[in-house]
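Chains as they are written, first to last, in our numbering: chain A, 32 to 255; chain B, 719 to 846. A virtual CB, placed ideally from N, CA and C, is assigned to each residue, including glycine. Just so we're clear, the structure is a prediction, and the values are computed from it rather than from any experiment. Report on the following structure.
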């Protein structure tokens, strides 16, 4: 093998696109052993982001464990039964579930390059997500106003940490959503932009999964 | 043909998490999949909220029922929204998920186990 071949092979691998290796370098001796080449960037990026999301879920599991241990330590203060309003929680749950659905529609629209589906889906996702956040902040402010803030008891510290951390994720997700709308608007449905849309969709669906655990463990079990 | 279409065709080995299986990129089919997921998840949610506030079910069974429903709903989200499947192209995604679930279980069950054991060994605290 000459130095030139080795260099060309390295460059092809480094670009990471399966297309480069197969279409451009398929006939080179260096690639004769591999009939497919490395996975495409879409798979590598999506898989890497999936690993990140799983580690994010592991971080949440530590907050869930903390909450489960401390949920009865109210220090004479209000318990979940006194504080939680299940009607609000049902509305929050409906908003987040619908936003997960519209986010999926937006993902399909992005891949199919259907502007109405993509922008409409993202707009609805933003509206539902912002509605969820509004109700949650309203709930937090109401609790703090009646003296049930995070400093009142170990139960409330764990509650605000767990649910607040999810709320921070939703806030960051909304900012990311606006960024993706702007990027598709400015740069079009490019492959690199579509990879970011894929990651955003994964992130948003994962937030909904974490909310399922929160409304079950914190609200339904806590109010019952 | 765009680059992402090309990527999809060339990747006969794996599927990115979140992507539907290769060859299933019809818009109508995709929307139907999300609709099925939405209805299943909404149904399970309604059942969970109903069970939490009802007297029709034996009381002590309610927490267990709620946990089972939550796990079922997470499964629905994983299958219909994140498109995790049992197919060969999803083996990497499923293995990563399985490892994540293992760690989550270790953290939650381990914490509850140890902390309940510790509090059983505490001498009763005098209030006030």
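Just checking my contact of residue i with residue j at CB under 8 Å: how many whole Å lie between their CB atoms?
i: residue 738 (chain B); j: residue 795 (chain B); result: Actually they do not touch by this definition, with Cβ atoms about 15 Å apart.
i: residue 247 (chain A); j: residue 806 (chain B); result: The pair is not a contact, with the Cβ atoms about 33 Å apart (cut-off 8 Å).
i: residue 253 (chain A); j: residue 138 (chain A); result: About 33 Å separates the two Cβ atoms, so there is no contact after all.
i: residue 179 (chain A); j: residue 108 (chain A); result: 7 Å
i: residue 141 (chain A); j: residue 225 (chain A); result: 6 Å
i: residue 131 (chain A); j: residue 799 (chain B); result: 6 Å
i: residue 96 (chain A); j: residue 830 (chain B); result: 7 Å
i: residue 821 (chain B); j: residue 245 (chain A); result: At roughly 19 Å, the Cβ-Cβ gap does not stay under 8 Å, so residue 821 (chain B) and residue 245 (chain A) are not in contact.
i: residue 106 (chain A); j: residue 185 (chain A); result: 7 Å
Leaving out five residues before and five after residue i in sequence, what residues of the same chain have Cβ atoms less than 6 Å from its Cβ?
i: residue 98 (chain A); result: 189 and 193
i: residue 235 (chain A); result: 134 and 204
i: residue 167 (chain A); result: 198
i: residue 53 (chain A); result: Only weak support exists for where residue 53 (chain A) lies, its pLDDT of 43 falling under 50; the value from the coordinates is given anyway. Only 68 meet the Cβ criterion.
i: residue 76 (chain A); result: 226
With a 10 Å radius around its C-beta and 16 neighbouring C-beta atoms as the bar for buried, classify residue i as buried or exposed.
i: residue 74 (chain A); result: buried
i: residue 187 (chain A); result: buried
i: residue 735 (chain B); result: buried
i: residue 828 (chain B); result: exposed
i: residue 157 (chain A); result: buried
i: residue 112 (chain A); result: exposed
i: residue 183 (chain A); result: buried
i: residue 732 (chain B); result: buried
i: residue 228 (chain A); result: buried
i: residue 240 (chain A); result: buried
i: residue 152 (chain A); result: buried
i: residue 81 (chain A); result: buried
i: residue 818 (chain B); result: buried
i: residue 832 (chain B); result: exposed
i: residue 841 (chain B); result: exposed
For residue i, which residues from the same chain have a beta carbon less than 7 Å from its beta carbon, with the 5 sequence-adjacent residues on both sides left out?
i: residue 791 (chain B); result: 759, 762 and 763
i: residue 126 (chain A); result: 159, 162 and 163
i: residue 810 (chain B); result: 732
i: residue 114 (chain A); result: 174 and 179
Can you find the residues in the same chain that come closer than 8 Å, C-beta to C-beta, to residue i, ignoring five residues on each side of it along the sequence?
i: residue 202 (chain A); result: 164
Select from the segment 77 to 100 of chain A all residues with a C-beta closer than 7 Å to any C-beta belonging to chain B, and list them in chain order. 77, 78, 81, 82, 85, 88, 89, 92, 93, 95, 96, 99 and 100
Just by C-beta distance, which residues in the segment 784 to 814 of chain B are closer than 8 Å to chain A? Cβ contacts with chain A: 784, 785, 787, 788, 791, 792, 795, 796, 799, 800, 810, 811 and 814.
Against chain B, which members of the segment 220 to 241 of chain A pass a CB distance test of less than 7 Å? 222, 225, 229, 232, 233, 236, 239 and 240
At a CB distance below 7 Å, what residues from the segment 160 to 184 of chain A approach chain B? Give them in sequence order. For the segment 160 to 184 of chain A, the set of positions with a beta-carbon nearer than 7 Å to some beta-carbon of chain B is empty.
Near-chain A residues of the segment 747 to 768 of chain B (beta-carbon distance less than 7 Å), N- to C-terminal order: 748, 749, 752, 756, 759, 760, 763, 766 and 767
Name the residues in the segment 125 to 144 of chain A whose C-beta lies less than 7 Å from a C-beta of chain B; which are they? For the segment 125 to 144 of chain A, the beta-carbon criterion of a distance under 7 Å to any beta-carbon of chain B is satisfied by 128, 131, 132, 135, 136, 139, 142 and 143.
For the segment 817 to 833 of chain B, which residues have a CB atom closer than 7 Å to at least one CB atom of chain A, in sequence order? 818, 821, 822, 825, 826, 829, 830 and 833
By the 7 Å beta-carbon criterion, what residues does the segment 100 to 111 of chain A contribute toward chain B? Result list: 100.
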